[in-house]
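If you're matching positions, the sequence shown starts at 1 in our numbering and goes up one per residue. Every residue gets a Cβ at the ideal spot worked out from N, C-alpha and C, and that includes glycine. Keep in mind it's a predicted model, so treat the numbers as computed, not measured.
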Amino acid sequence: MKNIYFNHDGNTDDLVSLLLLLQAPDINLIGVGVIDGDGAIEGSGEASRRIIDRFNTHNHDLEVAYSTSRAHHQFPEAWRESAFTFANFPILNELGAMKTKKATVPAHIDMAKKIMAQDDKTTLIMTGPITDLARALDYEPKLSEKIDKLYWMGGSLDGHGNVFVPYYDTTQEWNAFWDPEAVARVWESDLDIQMVGLESTEEIPLNDELRQHFASLRRYPAFDLIGQGYSLILSSQPGNQYYLWDVLTTLSALYPELVESRKTKSVVITEGKASGRLVEDEDGHPMTLVTKADKDAFFKKFDELAKSAVLK
Numbered sequence: 001m002k003n004i005y006f007n008h009d010g011n012t013d014d015l016v017s018l019l020l021l022l023q024a025p026d027i028n029l030i031g032v033g034v035i036d037g038d039g040a041i042e043g044s045g046e047a048s049r050r051i052i053d054r055f056n057t058h059n060h061d062l063e064v065a066y067s068t069s070r071a072h073h074q075f076p077e078a079w080r081e082s083a084f085t086f087a088n089f090p091i092l093n094e095l096g097a098m099k100t101k102k103a104t105v106p107a108h109i110d111m112a113k114k115i116m117a118q119d120d121k122t123t124l125i126m127t128g129p130i131t132d133l134a135r136a137l138d139y140e141p142k143l144s145e146k147i148d149k150l151y152w153m154g155g156s157l158d159g160h161g162n163v164f165v166p167y168y169d170t171t172q173e174w175n176a177f178w179d180p181e182a183v184a185r186v187w188e189s190d191l192d193i194q195m196v197g198l199e200s201t202e203e204i205p206l207n208d209e210l211r212q213h214f215a216s217l218r219r220y221p222a223f224d225l226i227g228q229g230y231s232l233i234l235s236s237q238p239g240n241q242y243y244l245w246d247v248l249t250t251l252s253a254l255y256p257e258l259v260e261s262r263k264t265k266s267v268v269i270t271e272g273k274a275s276g277r278l279v280e281d282e283d284g285h286p287m288t289l290v291t292k293a294d295k296d297a298f299f300k301k302f303d304e305l306a307k308s309a310v311l312k
């Protein structure tokens, strides 16, 4: 049974990833951490705890660790606010008070302690900034020996970014731009890294067809929540094409056959107008870049897991 630790930054795609992980068979979800990124941490932490309250199919209690890491460049506030709306959806509040506890230590320490406590290695899935991992590597020098592989949604290797702020040159992806130095710290490690970048998911856009698919399945509790969650994207990111980057990262960690990839090496730029950009470089860190998703297989697995969810 595969050990999984999941660290995310609390917007809809992250929260749907958590929901699906809670349904996945044959995994041991050892911990969940949230970082103050694409979703405001207070909202994303509460949403995570409420999702676990309602949809946890695993045999043990989970707790959610809140990060104390802070942004070098914070996401736009208009994006971050949707975490509060998600946390207040009626389906997540029907039971009243939350039962899932907040961890007593910060997320980077929680990550290190839970991974080190396992007899076998752990697969680390991160769908937000990776500062907690950078800090955990410094906190526990032997941590990389206990991580089987890092699956990260972040970066872009083709110069196609989604950061449009003054001074910077638009080549960065937000999860990398949030803390470029942390990405560089992780890239200095010996971790096996698979990356879903902005260029990796063109087969699975959030479009009218997909929203209608979610709506047609709202008789299933998880799909009711999923459809409401993705409806928030329309108001918070007008004009931007949104893809299911985080869910692809999560499902590809469990089902490698869902993606195609290639091996490469890269470095991280940490200064100047391109700060946060990843660049292919023969002297860089070895990594695997996801290049394509099998759309039919992806949604077959997505639907299977979501349909299996039963409210508690």
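Counting C-beta atoms within 10 angstroms of its own C-beta, D13 has 16 or more neighbours from the protein chains shown and is therefore classed as buried. DSSP, reduced to helix, strand and coil, places H73 outside both helices and strands of the structure shown, so it counts as coil. In this structure the segment 137-149 does not lie against the segment 260-277, because fewer than three pairs of beta carbons, one per stretch, are closer than 8 Å. In the three-state scheme derived from DSSP, where H, G and I count as helix and E and B as strand, F6 is classed as strand. The criterion of a C-beta distance shorter than 9 Å is not satisfied by L191 and K142. DSSP places T127 outside both helix and strand once states are collapsed to three, so it counts as coil. Where M1 is concerned, there is no enclosing alpha helix (DSSP H), because DSSP gives it neither an H nor an E. Across the set S17, S44, I125, the C-alpha of I125 shows the shortest separation from the C-alpha of Y151. Note: M287 is bridge-paired with T264 in the DSSP secondary-structure output.
In the three-state reduction of the DSSP assignment, G43 falls in the helix class, which pools H, G and I.
Here L95 is exposed, its C-beta having fewer than 16 other C-beta atoms within 10 Å.
The criterion of a C-beta distance shorter than 9 Å is satisfied by H8 and S48. Just measuring C-alpha positions, the residue of K114, N28, S144, Q241 sitting nearest V186 is S144. Assignment of W178 by DSSP, reduced to helix, strand and coil, places it in the coil class.
Taking the Cβ atoms as the reference, F55 lies roughly 5 Å from L22, within the contact range of under 8 Å.
Considering only I4, M111, L19, the residue with the shortest C-alpha distance to A309 is L19. Selection I233, G272, V290, T127 evaluated against L258 yields V290 as nearest (Cα-Cα). Contact between T100 and N3 is absent: CB atoms are separated by about 19 Å, not below the 8 Å threshold. Looking at the DSSP output, K121 shares a beta bridge with no other residue. Here DSSP, grouped into helix, strand and coil, assigns D169 to coil. In the three-state reduction of the DSSP assignment, A293 falls in the strand class, which pools E and B.
Annotated three-state conformation of Y66 is strand, per DSSP. For the set P129, W174, R219, the Cα lying nearest the Cα of L198 is the one of W174.
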